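So the structure is just underneath, and the comments pick up after that.
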Amino acid sequence: MRFPSFEEVPMSPHLDQPGIKVLLGAASFKANEPAALYGAYVADGAFYDKCRGEEETWIMVTAIARDMPGVSSMAVLTKPNLAPIAPPPPPLPDDPSFRQGGFFNLDLRQHLQLPDQPSRYWLIVSMGDYKTDILSFELK
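Each residue of the sequence shown is one higher than the one before, starting from 21 at the first, in the working numbering.
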């Protein structure tokens, strides 16, 4: 698989309610192999309006180094700021059950530009008020 990607894959977590969920491909990753992170998100109408329909730009991946000083954090998707703020999306139907979701798959080494040396990390992923539990992983 090529990283990053934004499609559902067999390792993709699933959500039925608004929020964010991630799975690591392993607890430990060998040198020269991707540190795979598989994620899914679901937004309700209020969050969809708040982020103007661009949920991926609000998803932040943060790795905190445990064996050296350092924090690496980056949005799942960044967009160049070359134009004025996009207009709001069309109004949503007055439906409290509105849901919009998607998937993301990242190589944490590449995406967060983690140092190429053995280390342990804590990982948290957030999207607005939603956040994952803290996960641990190791780069060997």
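From the three backbone atoms N, C-alpha and C, an ideal C-beta is built for every residue, glycine too. Note that this is a predicted model, so its numbers are computed, not measured.
For a test of the three-state rule: what should DSSP assign to residue i, helix, strand or coil?
i, result
"lysine 99", "coil"
"glutamate 63", "One point to set straight first is that residue 63 is alanine, not glutamate, in the sequence displayed. Reduced to three states, the DSSP call for alanine 63 is strand."
"glutamine 130", "helix"
"glutamate 158", "strand"
"lysine 41", "strand"
"threonine 152", "coil"
Can you tell me whether residue i is buried or exposed? The criterion is at least 16 other CB atoms within 10 Å of its CB, across all chains shown.
i, result
"valine 29", "exposed"
"glutamate 27", "exposed"
"isoleucine 174", "The question about residue 174 has no answer here: the residues shown for the chain are numbered 21 through 160."
"alanine 55", "buried"
"glutamate 74", "exposed"
"methionine 88", "exposed"
"glutamate 76", "buried"
"methionine 21", "exposed"
"asparagine 125", "buried"
Looking only at C-alpha atoms, which of the options sits nearest to residue i?
i, options, result
"leucine 95", "Ala51, Asp87, Thr82", "Per the sequence shown, residue 95 should be read as alanine rather than leucine. Nearest C-alpha to alanine 95: Thr82."
"proline 116", "Met21, Ala51, Gln37, Ser25", "Gln37"
"serine 25", "Gln130, Ser146, Tyr150", "Gln130"
"glutamate 158", "Ala66, Ala85, Tyr150", "Ala85"
"serine 146", "Gly45, Gln133, Gly59", "Gly59"
Three-pair Cβ contact test at 8 Å for the region 65-80 versus the region 41-50: Under the 8 Å Cβ criterion, the region 65-80 does not count as touching the region 41-50, having fewer than three qualifying pairs.
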